[in-house]
Structures are given as structure tokens and as C-alpha cells.
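A quick write-up on the structure given underneath.
2 protein chains.
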Amino acid sequence: MDLAKRRGFIWPSFEIYGGVGGFYDFGPLGSLLKNKIIQKWREFYVLNEGFFEIDSPSVMPEEVLKASGHVDHFVDAMVECQKCGAAFRVTDVVREATGKDIEGMPKEEMEQFMKKHKVRCPDCGGEFGKIFDFNAMFRTTIGPGSQRVGYLRPETAQGIFVDFNRLQRHARGQLPFGVVQIGRGYRNEISPRQGVIRLREFTMAEAEVFFDPDDPRHPRFKDVANEELALWLVGDQEKGKEHLTEVTAEQAVKKKIVCNELMAYYLAITKRFLLSIGITAGAIRFREQTKGQRAHYSSETWDAEVSTERFGWVEVAGLAYRTDYDLSSHAKSSGQDLTIFSADKKKVLCHVVEPSYGVDRSLYCVLEHAYVEEKNRVYLRLKKDLAPVEVGVFPLLNRDGLPEKARKIYEKLKCCGIMTVYDDSGSIGRRYARADEVGTPYCVTIDHKTMEDGTVTIRDRDTTSQIRVMLDKLPEILLSLLRGEKEFEESSVN
Amino acid sequence: MDLAKRRGFIWPSFEIYGGVGGFYDFGPLGSLLKNKIIQKWREFYVLNEGFFEIDSPSVMPEEVLKASGHVDHFVDAMVECQKCGAAFRVTDVVREATGKDIEGMPKEEMEQFMKKHKVRCPDCGGEFGKIFDFNAMFRTTIGPGSQRVGYLRPETAQGIFVDFNRLQRHARGQLPFGVVQIGRGYRNEISPRQGVIRLREFTMAEAEVFFDPDDPRHPRFKDVANEELALWLVGDQEKGKEHLTEVTAEQAVKKKIVCNELMAYYLAITKRFLLSIGITAGAIRFREQTKGQRAHYSSETWDAEVSTERFGWVEVAGLAYRTDYDLSSHAKSSGQDLTIFSADKKKVLCHVVEPSYGVDRSLYCVLEHAYVEEKNRVYLRLKKDLAPVEVGVFPLLNRDGLPEKARKIYEKLKCCGIMTVYDDSGSIGRRYARADEVGTPYCVTIDHKTMEDGTVTIRDRDTTSQIRVMLDKLPEILLSLLRGEKEFEESSVN
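Heads up: the protein sequence lines correspond to chains A and B, in order.
Under the working numbering, the first residue of the first sequence carries the number 1, and numbering increases by one thereafter.
Under the working numbering, the first residue of the second sequence carries the number 1, and numbering increases by one thereafter.
In C-alpha cells:
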């Protein structure tokens, strides 16, 4: 986190005004990384899966969120200190005091749990009052006066559900079809204390897969049938066992561990997406949510969790079987028909499987997993196609025409679409170190030999080894290296 | 707009609930187009100009927007009908009734103007009460209770200004440097009636250029010095003359028409950006804002306007000379030092030139400008690198193995990163027509000859002419055509 702040990945928001909990900025490098993670996600869902992407408002009128159940159910159990008045989310204050996660526990049991463990105000030690519900949506009004209540969306999904009729026409009635949305979600947390893991404003990448409940198959299921999944089942959680059940996607469906083929398919895709952004297989598990933990709309939910040093297992995606909960509620509330004709010509209300990803949390995990401390250096072993800066260009010395030559090379590489940084400050060693710290895969150095024979060196971030190449081939070689089409070896690039 | 709605570019939001004014969704094709416009903008500002991109929250605490002047000045003059209670923005109701734009007129003059022109309620004909101010920010509260007031940001710029100290360290104190942010902005319009042109929630792409007020030069000014600018000066506007002053960027600075080199540079870049997304030079002008029209923070503003059939001249970007207004206000309100050492080692408070673009309006203009009706067809002549769908793949007939072959080609092209659509429904003519309507540059048809000799046809959207190519070269040829590296001619691609 120190490196992330210092080098411009993640900054606390509104710092000069003392900051506001639950808000973080992505600095210049964080933004580049975030955009690349989003781009990678689009490759999976929009390009490969062929899902439609839509982009709908973050402000929503009350009717929509009343129908979706969020006005009534998107609540946090909360307590206030009777002495100092500080407010806390019950699950947070309990976790801090006892290390236990009581998410999903009924309110009465929470009361007893807190009494039994003598949970007091962490700020002043005062006693807490009764537990009460706090709606976690940001509330506002649309237009002048206060006639029309609106909320900031708690999820992007509702923007998709209310467009269902237009979307199914766009899909020309073919099932299954999928729709994604990438954008801000909001949760007005009571007293967020976990950095980028618990944000009041965050970026979600959500996919809604609409299908005939009588036919929950995926046409390309065989592509993932053998993908290994590490599942932490409710049964084991309740027994307090950390045991993971390892099955293939196919077995998970056959053994009825996972509700249907579509769910298993997207568990496998989620694993592949996480691998593609640099999380190792051993650091990924899928936790089955207990009935109490599940959102009001879900009949089965799997959390994709990534192991981190700082926060333990972090939920980076949730895959929920939303059934026809949303479409049925919106049909009822709006009076519109949201059914569709299935392949065998019967009218159906689609069911939905939803893979929903947290972009900020994924980014945090990517950073932590890429961080490498070796005896004499620190570097980010980011996947090459995620690196915010792709190439650094350095003149060895600030004289003899080297900076001018280096500038030209820098401009040339930018014109080829390569994200390049020019750096002529400090020793060459310090410049390599700066580039390593932000995960720049390749650094190009211009030296006296360049002026003589038109060659430059390229240094590889992971091995620190160097090769010398002809200047006129440089853009092409760097592009091949960045795309992973070539290995970093003298023989392969010259 | 009919085509835009029908084919999934732009949809009114929350339609099944009767819609809410000022909110629009981007459907599947609109989203793809919007992402490509944003990507193009990033090419200009992040890749070429080397600006830093950041990503900060859309919810901001009151202190920030109090300091920025928005709590006091981001207001709309408004009237309410004394008979039916309907509320209107004064400038809107006046424009509707008289065709006159009185934006920026002092309140007393507005009252007189309305009286003189007998402007009544357009809904019921009732008389209006007194004009009063309405703050156009969406208000909310952060955390439980209502201790901490927050607003949805009216511009992304403030997220950049409050990060100034971190940003200037990231730039290692070098001036000028630029920072961009692309994201949602909000304006709680009173009664928006102009479709996608007047939105309550919109996407902005803003750039803030920080510079030493004693040195407002741009290091690459010579690259744009000869760019022609069509300027509509305040003097001509006040005389009611539509006359445009045509000068080069260099002359505009020399003749002191434009305040400094940086402003002229970004006027030229704005023109180039608009050209790059398909707006013709003749449809672009820069309107100088009058003192009354300018925002509270600006000492000189140029609106980039694009001529449209439906809405007349539409402002798609505003370039404001914000001086040190924001940094000085935030320094004062936060008590932090926001100065920096200039090249000649004196402490300066940076001045700011801000090119700020409306993405939704740009997208609307792109669509309208691309729309071509010919005697026997309708098509979108979108720039190839903006087209939401890049290639259509069609089996000529739904038998003889053609669909299977076509599916394989479709999958192959997707794997090469080409945004491809498969279509086997209706006659080949109807499929071409559907592809033309959404601006798909190339359609590939698989016919009986394909099965015999392994060739397919490629059809060009703009000319409707066709060429026949070998299947194994298809991805490479399409990529070259899409990138504009090759011409669409039999000889050049085979």
C-alpha cells in the first residue's frame, strides 16, 4: 500500500480535506491498470462470450429499487454507541472485537452474540444500544422540490433488468443470451475501515445471463468441462472446516454441488479470468454462501475469493442464481409483460445467473500478487498485457546527443501505440528501479554505442537480463514481446 | 433517433416505469460506440499528449464543492407556474416560447424579458411566479444520519484539483503537465426536454492543463500552428452576426483573439479530435462565451460547437481558462499549500486551461453525421475505427454445410480480436441492410464456392462492391482494412 500510494496507484480521496472513509482515487498508474483489467474482462465477456454491453444511469428512481427489493432489503444491521454516538456496522464491530464473521446471522442472535462477547465501542469503550437497520443506498431527489426520490444504484444489474424487453429484441429472442454492464455501484457504508476492500463507491463488472429455466445449458460447456474448481461448501464451513472440495466443472454439475451448467460454466470462466490477470490457481477458491449470507434475490451464490496477505481471503466476484426474482418483480411493479417465447414456443419468464465482479478489489489483489521483494530490488511481476507503463526509454547520460536521440525513440514508440515513459533523472540503476516498482516490462537504454551503430539495449523486468537490437526493428520487437509472441532471447528477436 | 432506438444505440432509461426525463441508456451498439469514442479521446490525450489519467469518486463531500464555488454558483434560474405548479428552467421556457437564448442574462433582465414576451406555462398557460435559484447538484448524505452532506460531482475536474499535490509530485514538478478524467458528471436539470443533449447524468472527458502563468507556451505548438480555426467572436454574436473569423492557431494567439498558446493549442487538438471521429471541418466552430455565459471560474471560454440537423449548433466541448481559481480556493479552504516551484525557482500557483468534452453529445453528433440515406438504402458511414460491429459473417444459405462453415469463420475472427456478428436470418440483402444500418464496414459471405475453392466474399459498406479472397488470408486482410492499412481493391488485398 505504501508503494501503491507513493507511485500513484491508489490514493485516499479528498486527502487535503482530511479524507472521507470508503472513498479512494485511482492515480495515473492505478487508472491505467484499472482500464486494462476492465479491457481484459471485456475480452472474456463481450468479445468471447458475445454478451451485449449496456451503459445505464447510476441514479435510479425509487420505483425501480422498490421493485428490486433494495429499498426494503439492502440494509445493514447497525449499532450506535450510547456514550459517544459513534455508529458501526454490527458485523464490522464484531469482527474487530472477536475475529468472528457473523454476516447473515438473524438480528436477535446478533444481539445475544454481542452481549455474550461484551462487544463495546472501539472508540470510547461505551455500551451499544439496540441493533437497527440502515438502508445502505445513497438517497437523493431528482428535479426540483422533493417529489421524486432517487437512489444511487447498489448494483448495475437493475439497469439491465428494466431494459429486458429491448434487450431480448436485440438478441432476437434467442436464449440463452447475456448482457453486461461495467460502472459505478454505491453502498453507503456506516463506518468503512478496510481501505479499498470496503468502498462506498466502487466499480463493478456485472454479467446477467438470461435463460429458459427448463434448459440451463451452455452451448460451449465442453470447453470448460475439465476446469478444476476448488469449492468451499456450506457443510464444511458450518463444521468450521477449511477443507476445499476439488472437482471439475462437469463433476460439480453431475454431483449437484452446483445448481446448473450455466453456473458451473461461469465459475470456470471466473477462474480463467482471475488466472489471466495474474492470480495463481492456488490462491483462488469458491465459497458457497449460507442461506443467511445470500442476498434477498439469490437461491444459490458462490463467492470467488482470492487469498491476500493483508486482508485474508477477499471476495472479488459473486456468482448468484437470481432465478426469475428480478424480472418477475419488475413485471409486477411496472405492469409490463417481461416474458419471452422459448425454443419450444412456450412463454417463459427467464431465469438469471449473474457473475458479478468487483474491479477495485480485483485490482488490489493483482497488485498484491504481483509484488515481489528480492534481496536487492522490488518489482511488480504484472502480466505484460496489464502493465500500466509498457516501455521506459532512458538516455544513459544527459549529454552527447543521447537525450535528443532518446526523445525521438520515445515519440516513435508512442506513435506505435505503446504506452511509453521517458526518464532521464538520476542514475540508470535508479531509473531501472523506478520502472521495476511499477511493473514496466521493458526498458530501452540509449548509449554511446547507439550513436555509433544504431543499436539499443532492451532490459527485461523479470530477469533483468539485456539484449541489444537494431533501432529500426525496435517497435516491432517490443510489440511482439508485449503481446507474448516472442521470447526474450537474443536469438529470437534478431 | 428512430434508428438509434430500434437498433440499440440509445434508449430512454427506465422506460417500463414510464421513463424519467434527462436519463438515457446506451444499448449494446451505443456502448460499443461510446467506448470507441472514449478510446479515441484517450489516444489524443493520454497516449499522445502524455497526460495522466485519474479516476476519482462521483460522490464528493460538501467542503470540496463549497470551495470550488459550486454550492453557491452552480445554480439554474427557475420559475414555477402559479396555476399548475410545473417548474421550468427560465432559459428553456424562454427558448421554447420565443426562440431566443437568454443564457447568462442577469435575473432582473430575465424577469423583464419574460414579462415583455408574455412567456406563460407551456403546460397549462398559467402565469409564472418570481424567478428563483435552484442548485443543480444532486444532494445526498454520506454515512448514517445526516451529518455529512455530499453531492454528485457536477464536473470531474474537482477530483483532479484536490489531488494537485500528489499529481505534481507524480509529474516531478515539471510544468506544464496535464491530467484527465473520464467519468460521470451530474446536473439535476429542472425539466429536461432535449433528449440526449440535456442529460441529468452524462459522461465527461476532461483535461486540466497546469502551467506557470508566466509561461503559457506549449512545447509542441508548432505542430498545430497552421491549423485553421473558425471562431465566432463575442463581438459578432452581440451584433447578431453569424460571421466566423477564420484564423490559424498561431494567428489567433498573435492577434490576441485567444488568451494564450495553450488555449490555442487545445482548440486545434479539439478540432482534430472531432475530425477523427467523423465530424467534417465545415460543421465545427468555436464560439466565444460572453461574460454572462461563462462559468464562475472562467475568464475566457470557447465552446466547440457541431452543426446538427435536429438541434442546430450543439456544444460538444468547452475550453475554459480557469486561471488559478480552483487551486487558490482549495488552498484557502483546506489550509494546504498548493503552490509549486516553477522552472526559474519561484513559487507559483498554477493556472489551468481546461478542455472539457461531453461524450454523449459527441456520440449523438457522430451518429447524425454518419447517417446516409441513399435511394435504395440507409447506412452509417462511421469511421472504421469507431464502428461498433467490425465484421458481419453470413452463410448465403441455411443448408449444405454453409452455416457450420460460417460459424467457424465467425469464431476465428473473434479470436483475432475482431468484433464480429453472425447473422443467418432472412435474405442476404436484408442482412446487408441490417449491417449497413449500424455501420458495419465489412461483411463476409460464405457460399457454395467457399466449399469448393476456399474463398469468401468481402463486401464494403460504403461502395457495396465485393471482392473474393482466400479464407486463410481473411483475418489478416480484414485487420489491414479496418486499420486503414489497405485499400478495398481486389489487387491490393490478394
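Each residue gets a CB set at the ideal place from its N, CA and C atoms; glycine is no exception.
- Secondary structure note for Y357/A: its beta strand (DSSP E) is the uninterrupted segment H351 to G358.
- For S425/A, there is no enclosing beta strand (DSSP E), as DSSP marks it with neither H nor E.
- Judged by DSSP secondary structure, L380/A falls within the beta strand (DSSP E) whose first and last residues are R377 to L380.
- Bounds of the beta strand (DSSP E) holding Q181/A are F177 to Y186.
- In chain order, L175, S342 and V348 place their CB closer than 6 Å to the CB of D212/A, counting only its own chain and leaving out the 5 sequence neighbours on each side.
- Closest by C-alpha distance to V209/B, out of K254/B, P395/B and C350/B, is C350/B.
- The beta-carbon of K332/A is placed no less than 9 Å from the nearest beta-carbon of chain B.
- For the options W232/B, K473/B and D215/B, the alpha carbon positioned closest to that of G240/B is the one of W232/B.
- For D423/B, same chain residues with a beta-carbon under 8 Å away, outside a window of 5 residues either side, are G392, V393, F394, R431, R434 and A435 in chain order.
- For G417/B, the chain A residues whose C-beta falls within less than 9 Å of its own C-beta are E43 and L47, listed in chain order.
- For P122/B, not one C-beta of chain A is nearer than 9 Å to its own C-beta.
- At a C-beta separation below 9 Å, E208/A has no neighbours in chain B, since its nearest C-beta there lies roughly 13 Å away.
- In this structure, the alpha-carbon of A406/B lies about 13 Å from that of L474/B.
- M204/A and I131/B have their C-alpha atoms roughly 42 Å apart.
- If the five residues before and after L327/A are omitted, its C-beta is found closer than 7 Å to the C-beta atoms of F161, F164, L338, L349 and C350, all from its own chain and listed in chain order.
- Under the DSSP assignment, D385/B falls outside any alpha helix (DSSP H); it carries neither an H nor an E label.
- When C-beta atoms of the stretch 223-232 of chain B are compared with those of the stretch 246-257 of chain B, three or more pairs fall below 8 Å, so the two segments count as touching.
- Here the alpha carbon of D400/B sits roughly 16 Å from the alpha carbon of I409/B.
- Along the stretch 89-138 of chain A, the beta strand (DSSP E) occurs as fully enclosed runs of 3 or more residues at 132-135, listed in sequence order.
- Looking at the DSSP output, D76/B bridges to F134/B.
- Residue burial is scored here from C-beta neighbours: C81/A has at least 16 other C-beta atoms within 10 angstroms and is therefore classed as buried.
- In this structure L386/B touches I277/B by the C-beta definition: roughly 6 Å separates them, less than 8 Å.
- With its beta carbon at least 9 Å from every one in chain A, E228/B lies outside the interface.
- Residue contact check for P57/A against chain B: a CB pair falls below 9 Å.
- The CB of H170/A comes closer than 9 Å to the CB of R7, G8, G27, P28 and L29 in chain B, given here in chain order.
- For N260/A, no chain B residue has a Cβ inside 7 Å of its Cβ, as the nearest lies near 24 Å away.
- Among the CB atoms of chain B, one or more fall inside 9 Å of the CB of P144/A.
- Runs of the beta strand (DSSP E) lying entirely within the stretch 307-351 of chain B, each at least 3 residues long, are 312-323 in chain order.
- Put simply, of T270/A, K291/A, L397/A and S427/A the residue whose alpha carbon is nearest the alpha carbon of Y45/A is T270/A.
- With a cutoff of 9 Å on beta-carbon distance, T140/A and V20/A are scored as not near each other.
- Check the Cα spacing between Q181/B and each of P28/B, E404/B, L367/B and V359/B: the tightest is with V359/B.
- Residue range L474 to L482 is occupied by the alpha helix (DSSP H) that includes P475/A, with no beta strand (DSSP E) assigned at that position.
- F211/B has H351/B as its beta-bridge partners, per DSSP.
- Interface criterion not met: the Cβ of R187/A is under 9 Å from no Cβ in chain B.
- Our two residues, D462/A and K383/A, have alpha carbons roughly 11 Å apart in a direct line.
- Of the candidates A331/B, R287/B and K254/B, the residue whose Cα lies closest to the Cα of E242/B is R287/B.
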